[in-house]
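K.L.:
Residue numbers (our numbering): 3 to 411.
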C-alpha cells in the first residue's frame, strides 16, 4: 500500500517570485496612481501626435520650441502646485506676470538699466507682491481666493498704468537669450552639441545613483524594494528615455537656457518639498490644518512663505515671457493662472490639499504643452483646443475624486 503525504493545512505554500513581483508592482502603482497615470497619458499623447503629424512633433527643432513655448507655464505650475498643496489658490499670477514684464520693459527699455540688475529687481518685485498677498491670507485670515482675486485686478490695472496702454520693446539681447537662447557650444566639432551630451550623461548618472540609493535605503529600513528584474527594467527605461531626449536636443542647438532654469527649480523645490522641514509642513497644513497646528506647525509663517515663493516664480515667469515676446505688453499673462491651475491638477494635485509633487506639476504642464503644440500642428482651431483642454482637466479631477472614493471604500 502506498501512502501519500499532504502538506499541513496550516502551512501554506511559499509564494512564487513572479506573484511577489506582481504584488509589489501593483502596490507601487496604487501608491502613485495619479503620477503614473499622467506619465502614461503623456506618453500616449506624444505617440498619438507623433503619428498624426507624420513625425513632426518630435523633430529636434520642434522639441526645443515646445520647451521654450511652455517654459513660463511650467514655472508657474511648480509654484501653483505648492500653493494648492498648502490648501490655497492663487488667481493673481497671470496679472503679476504682466506687471513684472511691464516693469522689466520700463527699466530696460526706458531707462537703459543693465538687464541683470533689472532681472534681480523684478524678482524682488515678485517677492514683495507675494508677501503682500501672503500677509492678508496668513495673518489676517482672509481667504486666498478673495485676496488673489483682488491682486489679479490690481496688478492688471498697474500694468496698464505703468505701460500707459502701449507696448515697450525691444529688450537687450542678453535678456532675450534667457528665454530664446541655448547654452553655448564647446569642445571639438561633432555631429552633436557637446555640452548637451555631457549634461545628459550627468543626468543619467544622477538618476541611476538616486535609484540605487533609494533601493539601498528601502533595504536598510526593512521595506520591500522592487524585485531585481523590475528594478533593472526601470533603470533601463529611465536611461533610454533620458538618452533619447538628450540626443534629440543635441542634434539641434542643444539645451535651451530656460530648460536649465526649470531643471534647477525642479531639483531645488523638489528637494525642499520632499526633505526640508518647511516642505513637510506645507503638506501637513494642506492635509489637516488643525492637526498640523496642534503638532507645532507655524501655519501663518508657512503660508506666508508659500505665497512669497509663488510671487518670485510668477516674476520669473513674467521675465521669461517678456523676453520671449521681446516686449512688455498690457495683454501679457491673460489666462496664465488658469493654465497653471490646470497643469497642477492634471499633474496630481488634490482639491482638498495635501497631495501633489513638484514633478507632477511639470508632467501636467507638459501634457497641456504637448496638447497645444500637437493640435496646432494638425490644424485644430483654438476654439476646439479649449474644449479638449477643458475635458482633459475635468477627466483629471474626476479621476482624483474616483480614486479617493475607491481608497475610502
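Glycine is no exception: its CB is placed at the ideal position from the N, C-alpha and C atoms. This one's a predicted model, so the numbers in the text were calculated from it and none came from an experiment.
Between the stretch 384–393 and the stretch 117–135, can you find at least three pairs of beta-carbon atoms closer than 8 Å?
P.N.:
As far as the Cβ criterion goes, the stretch 117–135 does not touch the stretch 384–393, which means the pair count is below three.
K.L.:
Give every residue of the same chain whose Cβ lies closer than 6 Å to the Cβ of residue 92, excluding the five residues on either side of it in the sequence, and list them in chain order.
P.N.:
85, 150, 312.
K.L.:
Exposed or buried, what is residue 219 when buried is set at 16 or more other beta-carbons lying within 10 Å of its beta-carbon?
P.N.:
By the 10 Å Cβ count, residue 219 comes out exposed.
K.L.:
Could you spell out the range, first to last residue, of the alpha helix (DSSP H) harbouring residue 61?
P.N.:
Where residue 61 is concerned, there is no enclosing alpha helix (DSSP H), given that its DSSP letter is neither H nor E.
K.L.:
Using only alpha-carbon positions, find the residue among 338, 373, 297 that is nearest to residue 98.
P.N.:
The shortest Cα separation from residue 98 among 338, 373, 297 belongs to 338.
K.L.:
When you compare the CB positions of residue 343 and residue 398, do they come within less than 7 Å of one another, or not?
P.N.:
No. Outside cutoff.
K.L.:
Rank 184, 46, 359, 66 by C-alpha distance to the C-alpha of residue 285 and give the top, closest one.
P.N.:
The option with the nearest alpha carbon to residue 285 is 359.
K.L.:
Taking only three categories from DSSP, how would you classify residue 197?
P.N.:
Residue 197 falls in the helix class under three-state DSSP.
K.L.:
Using a Cβ distance threshold of 8 Å, determine whether the stretch 325–334 contacts the stretch 301–308, with at least three qualifying pairs required.
P.N.:
No, the stretch 325–334 is not in contact with the stretch 301–308.
K.L.:
Express the C-alpha separation of residue 146 and residue 262 in angstroms, rounding to a whole number.
P.N.:
Those two C-alpha atoms are separated by around 31 Å.
K.L.:
Determine the DSSP secondary structure at residue 93, reduced to helix, strand or coil.
P.N.:
Looking at residue 93 - three-state DSSP - the assignment turns out to be coil, as it is neither helix nor strand.
K.L.:
At the level of alpha carbons, what is the spacing between residue 258 and residue 222?
P.N.:
Approximately 40 Å, taken between the alpha carbons.
K.L.:
In the DSSP assignment, what residue or residues form a beta bridge with residue 184?
P.N.:
Bridge partners of residue 184: 258.
K.L.:
To the nearest angstrom, how far is it from the Cα of residue 100 to the Cα of residue 230?
P.N.:
Distance between the alpha carbons of residue 100 and residue 230: 51 Å.
K.L.:
Between which residues of its own chain and residue 320 is the CB-CB distance below 6 Å, once the five residues before and five after are set aside?
P.N.:
99, 102, 103, listed in sequence order.
K.L.:
Out of curiosity, what's the CA-to-CA distance linking residue 52 and residue 294?
P.N.:
Answer to the nearest angstrom: the Cα atoms are 46 Å apart.
K.L.:
Taking the straight line between their C-alpha atoms, what separation do you get for residue 137 and residue 314?
P.N.:
Each residue's Cα considered, the two are about 15 Å apart.
K.L.:
If contacts are defined as beta-carbon pairs under 8 Å, then residue 209 and residue 244 qualify, I think. What distance do you get, rounded to the angstrom?
P.N.:
Right, their Cβ atoms sit about 7 Å apart.
K.L.:
For a test of the three-state rule: what should DSSP assign to residue 170, helix, strand or coil?
P.N.:
Three-state DSSP puts residue 170 in a strand.
K.L.:
By the DSSP assignment, the alpha helix (DSSP H) with residue 56 in it spans what residues?
P.N.:
Note, residue 56: premise wrong, no alpha helix (DSSP H); not H, not E.
K.L.:
Compare the Cα-Cα distances from residue 265 to each of 351, 288, 46, 363 and report the closest residue.
P.N.:
Answer by Cα proximity: 363.
K.L.:
What is the residue span of the alpha helix (DSSP H) that residue 162 lies within?
P.N.:
First-last of the alpha helix (DSSP H) with residue 162: 146–165.
K.L.:
Can you check whether the CB of residue 346 is closer than 7 Å to the CB of residue 83?
P.N.:
In this structure, residue 346 lies closer than 7 Å to residue 83 by Cβ.
K.L.:
Whose C-alpha, out of 176, 270, 382, 401, is nearest the C-alpha of residue 54?
P.N.:
The option with the nearest alpha carbon to residue 54 is 382.
K.L.:
Counting C-beta neighbours from all protein chains within 10 Å, is the total for residue 177 16 or more, i.e. buried, or is it exposed?
P.N.:
Buried: at least 16 other Cβ atoms inside 10 Å.
K.L.:
Between 69, 112, 351, which lies nearest to residue 81 when the distance is taken from Cα to Cα?
P.N.:
Of the listed residues, the one whose Cα sits closest to residue 81 is 351.
K.L.:
Unbroken alpha helix (DSSP H) runs of length 4 or more, entirely within the stretch 330–376: which are they?
P.N.:
List check, alpha helix (DSSP H) in window: 338–348.
K.L.:
Spatial neighbours of residue 196 within its chain, please: CB distance less than 7 Å, with the 5 preceding and 5 following residues excluded, ordered by chain position.
P.N.:
187, 188, 189.
K.L.:
Exposed or buried, which one is residue 166 when buried takes at least 16 other CB atoms within 10 Å?
P.N.:
Flag for residue 166 reads exposed.
K.L.:
Just checking my contact of residue 288 with residue 77 at CB under 8 Å: how many whole Å lie between their CB atoms?
P.N.:
21 Å between Cβ atoms; not a contact.
K.L.:
Using a Cβ-Cβ cutoff of less than 8 Å, which residues in the same chain neighbour residue 111 once the five nearest sequence positions on both sides are dropped?
P.N.:
These residues qualify, in order along the chain: 170, 171, 172, 173, 330.
K.L.:
Would you grab the beta carbon distance between residue 341 and residue 75 for me? Rounded to a whole angstrom, and I think it's under 8 Å.
P.N.:
So it is a contact: roughly 5 Å between Cβ atoms.
K.L.:
Please report the straight-line C-alpha distance between residue 157 and residue 107, rounded to a whole angstrom.
P.N.:
Roughly 15 Å between the two C-alpha positions.
K.L.:
State the start and end residues of the unbroken alpha helix (DSSP H) segment that holds residue 311.
P.N.:
Note, residue 311: alpha helix (DSSP H), 301–327.
K.L.:
In the DSSP assignment, find the alpha helix (DSSP H) that holds residue 230 and state where it starts and stops.
P.N.:
It spans 230–252 - the alpha helix (DSSP H) in which residue 230 sits, taken as one unbroken run.
K.L.:
Measure the Cβ-Cβ separation of residue 59 and residue 376 and say whether it is below 7 Å.
P.N.:
A contact, by the Cβ cut-off of 7 Å.
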